[in-house]
Every structure is written in C-alpha cells, then in structure tokens.
Amino acid sequence: MARPSALQVVAYGEHARRLVSTQSFARGDTVTVFSLSAPLAVPGRHTLQIQEDRHATLIPSCLSYMDHSCSPNVGLDLGKEQLIALKSIAIGAPITYFYPATEWRMAAPFSCGCGAPDCIGRVEGAQALGADVLRWECISIHIQRLIHKGS
Ligand SMILES: [Zn+2]
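With this note's numbering, the residue at position 144 of the sequence shown is 361, and numbering never jumps.
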C-alpha cells in the first residue's frame, strides 16, 4: 500500500522521525485506511496488538511512526481498518495515538512527556491503567475484553 497522501514522515530532532499530517481534518474524519500484516504471536518493536494474543504491523509502514500522546488526535479502528480523527488536526500536526488503546503490556515501557493535563506518566500498556483506560476514546475491543475479565 502506498503512503497515504495526507501523511508524511519527517525528521524530528537529531535521530527521530515522526508522522505528521499534510492536510487538516475535523473530528470524526477518516485520516487514512490501513491494513494489517499476517498476525504474529510475539510483539516486536513496530507491532500493534490486534487481539489478546496476536500482534501485527500496520501497512503502510509509515504508520509505525505515530507517536504516543495521552491526548491523542487519532484512534485506530481495528475492525474497520481506519485511522479516525479524535479532534481537529491542523496541517503539519504530529499524528498521535494512545498506545494503551491497543497494547495490554508494552515490551518497552517509557516515560511520557506529552504534557497533557491527564498524562499517565509511565506508558506501560492498558494493564497498568486497569479500568481507568476506558476513559480514553477508541479503546480496542480486545483491551475492553481484557479489562472486563479483570486480567
Ligand atoms: Zn502523556
């Protein structure tokens, strides 16, 4: 799948790259469609959790450059395979999603510097947040199931 025309990977600082929008979106807009690689049993550096015990990479691969934010501007609809705008997005804005929306237990937890008023601080996956994770929009069905199971 070709790079979506609305998205671009740009250099960020010395060594990092991130995904930015090349057009504006309103809340509820589809930012792009995506597909998933063949399912993997083990998470990798650029995978996304798609079920309780399955992971995959997003296609096109530029989507792996989406940063985490606790006040994200997109959500992933894994069923419809669409990236949905959760707020208005300006041209040039970094595309961000809430990693615990898909990840139960992250292989590489990190400290968040997003600056959102309700920043969760340490990003470890939904398991660390418990039912609190449901305050965010677009929480994946498999995460909702795991929360309700009380895992
Ligand atoms: Zn944060």
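Beta carbons are placed, not taken as given, at the ideal position from N, Cα and C, and that holds for glycine. Just so we're clear, the structure is a prediction, and the values are computed from it rather than from any experiment.
| Can you name, in chain order, every residue of its own chain whose Cβ lies under 8 Å from the Cβ of I276, other than the five neighbours on each side? | Stepping through the sequence shown from its first residue, residue 276 is reached at position 59. The residues are M218, F251, S252, L253, S254.
| request: Can you grab the Cα-Cα spacing for the pair A243 / R322, in whole Å? | output: Sequence index remark: in the sequence shown, residue 243 carries index 26 (1-based). Sequence index remark: in the sequence shown, residue 322 carries index 105 (1-based). Going from the Cα of A243 to the Cα of R322 covers about 31 Å.
| request: Less than 8 Å between the CB atoms is what I'm expecting for L265 and A273, so what's the real figure, rounded? | output: Position 48 of the sequence shown holds residue 265. Position 56 of the sequence shown holds residue 273. Yes, L265 and A273 are in contact; Cβ-Cβ is about 6 Å, under 8 Å.
| query | Is D294 helix, strand or coil by DSSP? | reply | By 1-based counting over the sequence shown, the position of residue 294 is 77. Of the three classes helix, strand and coil, the one that applies to D294 here is strand, per DSSP.
| Sorry if obvious, but does the Cβ on G330 come closer than 8 Å to a heavy atom of ligand 1? | Here residue 330 is taken as the residue at index 113 of the sequence shown, counted from 1. Indeed, a heavy atom of ligand 1 lies less than 8 Å from the Cβ.
| field | Spatial distance of D246 from L303 (CA atoms) | value | Here residue 246 refers to the residue found at position 29 when the sequence shown is read from its first residue. Here residue 303 refers to the residue found at position 86 when the sequence shown is read from its first residue. Rounded to whole angstroms, the gap between the alpha carbons of D246 and L303 is 8 Å.
| field | The alpha helix (DSSP H) enclosing Q344, as first and last residue numbers | value | Taking the first residue of the sequence shown as position 1, residue 344 is located at position 127. Taken as a continuous stretch (DSSP letters only), the alpha helix (DSSP H) holding Q344 covers 343-346.
| query | What distance in whole Å lies between the Cβ atoms of G342 and P317, which are believed to be in contact at a cut-off of 8 Å? | reply | Taking the first residue of the sequence shown as position 1, residue 317 is located at position 100. Taking the first residue of the sequence shown as position 1, residue 342 is located at position 125. Sure, about 5 Å apart at Cβ, within 8 Å.
| message | Quick check on V259: does DSSP put it in helix, strand or coil? | response | Taking the first residue of the sequence shown as position 1, residue 259 is located at position 42. In this structure, V259 counts as coil in the three-state DSSP scheme.
| said: Among L236, H263, R235, I301, whose alpha-carbon lies nearest the alpha-carbon of C355? | reply: Taking the sequence shown and counting its residues from 1, one reaches residue 355 at position 138. Ranking the options by Cα distance to C355, first place goes to I301.
| request: Would you mind working out which of R271, P256, S278, E269 sits nearest H263, comparing C-alpha positions? | output: Within the sequence shown, numbered from 1, the residue matching residue 263 stands at position 46. Taking only the C-alpha atoms, the option nearest H263 is S278.
| request: Let me know the secondary structure DSSP gives I308 once reduced to three states. | output: For the purposes of this step, residue 308 is taken as residue 91 along the sequence shown, with counting starting at 1. Under the three-state reduction of DSSP, I308 is assigned to coil, being neither helix nor strand.
| In terms of DSSP beta bridges, what is V248 paired with? | As a position in the sequence shown, residue 248 is number 31, starting the count at 1. Bridge partners of V248: none, in fact.
| Does ligand 1 have even one heavy atom less than 8 Å from the beta-carbon of A333? | To locate residue 333, count along the sequence shown from 1; it is residue 116. Indeed, a heavy atom of ligand 1 lies less than 8 Å from the Cβ.
| request: Find the nearest neighbour of M283 within the set S305, R352, R235, judged by alpha-carbon distance. | output: As a position in the sequence shown, residue 283 is number 66, starting the count at 1. The shortest Cα separation from M283 among S305, R352, R235 belongs to R235.
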